[in-house]
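One structure is given here, and the rest of the page talks about it.
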Amino acid sequence: MKKSATLFLFSGFLKSFYTQFFLLIILLFSFNSNAQGPGCPNVNAGGDIELDCEQPCTDLSATFLQTGETTSYEVSPIDYDPPFPTTGGTEVSVFIDDRWSNIIPLPFDFCFYGDTYSQILIGSNGVISFDTVNNEPDGYCDWSFSESIPSPDLFGTTIFGPYMDIDPSVDSSGIINYTIFGDAPCRTMVVNFPDIPYYSSSCNQYTLTTQVVIYETTNVVEIYLEDRTDACSTWNDGNAVIGLQNQDGTDGITPPERNTGNWAASNEAWRFTPNGESNVAFSWLNEDNEVIGTDSVINVCPANETSTYTAQAIYTNCNGDVITETDTVTVTFTGAFGIDLGDDQDLCGQEEYLITAQLTDANPSEANFTWSSGETSQSITVTESNTYTVDVTVGNCTLSSSVTINFSDSPLIDLGGDQSICGNEDIILDATPSNSEDITNISYKWFKDGVELSNEILNTLDVMDVGIYSVEVSSDNCVSTDSVEVSLSSFTVTLGENLNICDQSSIEITPEITGEDGSNASFVWSTGETTSTIDVSNSGTYSVTVTINGCENSDTIDISIANLPLVDLGDDFKSCVGESWTLTATSIEEDITFQWFLNGNEIPGETSNSLDFVVTDDFSGIQTYGVSVTKGDCTGIDEVEVQLYDVENCIITQGISPDATPGYNDYLDLEFLSDRVGGITNLQIFNRFGTIVYDQVNYINQWNGQDNAGNKLPTGTYYYVIDLASVDDVYRSQTSGWIYLNRKSN
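Quick note on numbering that gives the first Met the number 0: the sequence shown kicks off at 0 and runs consecutively.
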């Protein structure tokens, strides 16, 4: 029995390191790698043709590679002329029998039996497979078979080129190799099996040389077989097969008499062409790129002396790529005379044009003229845009010629007189033609001082700088120009820098005019006012337009009137000597700073939101405590007045004299105590007999020696009971004592 997988591993001999470098270099440099192979997209329009009056018409015949989708194939014999060298490529399975190569990437998508592939495996027994799953890369490549294509027992998705048991491990063997040739979209993957001996000692005096070529875009496969003998049937019955097979072995194709068997061949080649639904669209095009036929053979009768026709084949690959191939053929009419109608004309503002059919090598008096407009003279006068054709017959020979005449109206434009601009004012130049409804394809070019203004292609131009401005207005091939000078007015208007104002009910803004006498100026403010000065009480953007002698100029100012930061120290209050106080600046503002003052003088170091102080015995009069709160540029201020109570040392007096010195010691003054405890709920005055003579709720300083009826009480000692609204540190919640009422004697 022949090689098992174990024997295969044993047969993995190391490749001998010898390469015929000199031969390879010659082959590589002598071969044109960009040349198209026969399986590439191609179209041939045939050779140029000459016609004359005896034969004014001819058939154009094109040939192109006709391919289809890869759902099915057809095989046809081709000349044995291998398009690529068989040596010098990248070597695979060097001196190793029955081996698959590693995965080899394709630089292009290849379609095979309806699927798209981008990599292959090369088997050392003459096969190229797209199945890298069921065939193990760098694994065993089976040699034994007897089945015919198609068969699930043969390799799936594979090119058999031919498949037979050959042995590259024999020392005298050539080396299996592959090469990529050409440029997109017509690259080829070429796989060579050069002089590979048959397997077995009884057969390895015979060798196989074959080349397999696969083509980008057309998905054509070609096999070039140099020789294959049937003289060695003792091993595997001499079986060999050429063909293609799909993945599951249900569809395949082989050339006649090249399915599995022992057959001989010499210098033969086969092309496998996809013949599913056609993926190539063919057409003939005239000089205007118009389709004039889709058959490969068409009949033409050119009217011009020289006409060029294009054969076009558009290939659509399975991956969506579209390849267009073209070829041209020139048909020359070699009549006895020539016609010259002159060049095509684009006429501007011209009402008519004379066309004359000038003849060469012919006498006009012996010629008959027939124009497409119906005239029969040698010359015609035309007034409408059109293509005019004349047929000229001299004897039995008729030639045609055409000329295109376009009449166009020139654009009528007027930029007006010279203008001046004032300050930052701009003006709009308008080049819209007055006859714009009668002309087409209007375009504009603007220039300043002779230099084109890039990107200015509209009918209007916004001008802010002085200079000479011109415009070119084109309609079809007609061009009109106009220009205007723009100068600068001499006065400017300035409202000054933008303003930020704090807690100011209004501010007066007045424009400053320079360069002109503003005495005769008129003003229009954005507020609608027309005075030279306005008072502004709200934040906003204000502008003024000043007109002097018909020339306007303007300016704008932003005014921000911010409220002062609000701060509250509370109400003014009175104090007793020795009392401690904390003033707290209450504000809803954020990001503010504080500074405290006493009687208008800054208190050093006091920059928090509170101030602690003690009323000392040298405290006299009214002391004013203040705080400033600053946010940004704005500062808010609040003040509180502090003074001593009238009652000395804040104690309850033991005597009043309402009649002695008016305004002094007239009342029982308990204001200090009322403030301290939040109010005196009740005061009772008793005489020496214990009788209540006076009482008062919410007492402060109402008693000056009267009874409840308002009568003056006599001089004497009285007693009091005072109820407090809260507990006092000195007098608690209730206190009592005596007071002497002194009346002035009469």
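All residues carry an ideal CB built from backbone N, CA and C; glycine is no exception.
How would you label residue i, buried or exposed, when you count the other beta carbons within 10 angstroms and need 16 or more for buried?
| i | result |
| --- | --- |
| Ser735 | exposed |
| Glu451 | exposed |
| Met463 | exposed |
| Trp737 | exposed |
| Gly373 | exposed |
| Asn134 | buried |
| Arg731 | exposed |
| Asp51 | exposed |
| Glu221 | buried |
| Gln733 | exposed |
| Gly635 | buried |
| Ile24 | For Ile24, the pLDDT reaches just 32, beneath the cut-off of 50, and the residue's location in the model is therefore unreliable, leaving the point undetermined. |
| Pro136 | exposed |
| Val726 | exposed |
| Gln244 | buried |
| Phe572 | exposed |
| Asp728 | exposed |
| Asn33 | Residue confidence is low: Asn33 scores 36 on pLDDT, short of 50, so the model does not pin down where it sits. No coordinate-derived value is stated. |
| Phe28 | Low confidence applies here, because Phe28 scores a pLDDT of 32, under 50, leaving its location unreliable; read the following figure in that light. When all chains shown are included, Phe28 counts as exposed. |
| Leu672 | buried |
| Thr178 | buried |
Hey, residue i and residue j: beta-carbon distance below 8 Å or not?
| i | j | result |
| --- | --- | --- |
| Tyr197 | Ile165 | yes |
| Val42 | Ala280 | no |
| Ile508 | Ile547 | no |
| Glu68 | Asn278 | yes |
| Ile95 | Ile127 | no |
| Asn261 | Val240 | no |
| Thr529 | Val535 | no |
| Gln780 | Tyr717 | The requested residue 780 does not occur in the structure, where the chain is confined to residues 0 to 745. |
| Ile747 | Ile404 | Not covered by the structure: residue 747. The range shown for the chain is 0 to 745. |
| Leu723 | Ile699 | no |
| Cys633 | Cys501 | yes |
Hey, could you find the ends of the alpha helix (DSSP H) residue i is sitting in?
| i | result |
| --- | --- |
| Phe271 | Phe271 -> not in any alpha helix (DSSP H); beta strand (DSSP E) instead, spanning 264-273. |
| Arg763 | What the structure shows of the chain is the stretch from 0 to 745, and residue 763 is not part of that stretch, so it cannot be assessed. |
Whose CA, out of the options, lies closest to the CA of residue i?
| i | options | result |
| --- | --- | --- |
| Ala584 | Tyr177, Lys573, Leu565 | Leu565 |
| Glu225 | Asn235, Leu207, Thr216, Asp345 | Leu207 |
| Thr249 | Tyr223, Ser71, Lys711 | Ser71 |
| Ile690 | Leu672, Val720, Tyr666 | Here residue 690 turns out to be Thr, not Ile, going by the sequence shown. Answer by Cα proximity: Val720. |
| Phe457 | Gly449, Asp152, Val470, Gly466 | Strictly speaking, residue 457 in this sequence is Leu, with Phe absent from that position. Comparing Cα-Cα distances from Leu457 to each of Gly449, Asp152, Val470, Gly466, the minimum goes to Val470. |
| Asp753 | Val545, Gly394, Ser505 | One cannot answer for residue 753 here, as it falls past the ends of the chain, which runs 0 to 745. |
| Gln118 | Val132, Asn681, Asn124 | Val132 |
| Phe271 | Val639, Gly38, Gly599 | Gly38 |
| Glu511 | Lys447, Ser435, Thr491 | Thr491 |
| Asp557 | Tyr541, Cys550, Leu563, Glu551 | Tyr541 |
| Tyr666 | Ser200, Ile148, Ile651 | Ile651 |
| Pro713 | Gly237, Gln701, Ser744, Asn697 | Ser744 |
| Trp99 | Ser123, Ile621, Phe109 | Ser123 |
| Asp345 | Ser474, Leu487, Gly45 | Ser474 |
| Val296 | Tyr223, Asn440, Ser60 | Ser60 |
| Asn751 | Trp283, Asp294, Tyr162, Gln204 | Since the first and last residues shown for the chain are 0 and 745, residue 751 lies out of range. |
| Trp269 | Glu276, Gln622, Asn367, Val211 | Val211 |
| Trp445 | Ser433, Thr459, Ser435 | Thr459 |
What are the start and end residues of the beta strand (DSSP E) that includes residue i?
| i | result |
| --- | --- |
| Lys447 | 441-447 |
| Leu712 | It is not in any beta strand (DSSP E) - Leu712 carries neither H nor E in the DSSP assignment. |
| Glu511 | 511-513 |
| Trp283 | 279-284 |
| Pro196 | 187-196 |
| Pro76 | 72-77 |
| Ile500 | 498-501 |
| Tyr698 | 691-698 |
| Cys396 | 396-407 |
| Leu597 | 592-597 |
| Asn203 | Here Asn203 belongs to no beta strand (DSSP E), and DSSP marks it neither H nor E. |
| Glu455 | Looking at the DSSP string, Glu455 is not in any beta strand (DSSP E), and its letter there is neither H nor E. |
| Ile427 | 426-429 |
| Glu68 | Premise fails: Glu68 is in no beta strand (DSSP E) and is neither H nor E. |
_Counting beta carbon pairs with one atom in the stretch 286-297 and one in the stretch 86-99, are three or more of them shorter than 8 Å?_
These segments do not touch.
Exercise for the section: Count the CB pairs spanning the stretch 407-416 and the stretch 477-484 that are closer than 8 Å, and state whether there are at least three. Expected result: Contact holds: three or more Cβ-Cβ distances are below 8 Å.
Give a yes or no on contact between the stretch 651-662 and the stretch 685-700, applying the rule of three or more CB pairs nearer than 8 Å.
Contact between the stretch 651-662 and the stretch 685-700 is absent, with fewer than three C-beta pairs closer than 8 Å.
Quiz item: Is it true that the stretch 205-221 meets the stretch 314-334, where meeting means three or more beta-carbon pairs spaced less than 8 Å apart?
Solution: Yes, the stretch 205-221 is in contact with the stretch 314-334.
Worksheet item: Does the stretch 359-371 come close enough to the stretch 302-311 to have 3 or more Cβ pairs within less than 8 Å?
Response: Look at the beta carbons and you see the stretch 359-371 not touching the stretch 302-311: under three pairs across the two are nearer than 8 Å.
task: Specify whether the stretch 186-193 and the stretch 262-276 touch according to this definition: at least 3 beta carbon pairs, one from each stretch, less than 8 Å apart.
output: The stretch 186-193 is not in contact with the stretch 262-276.
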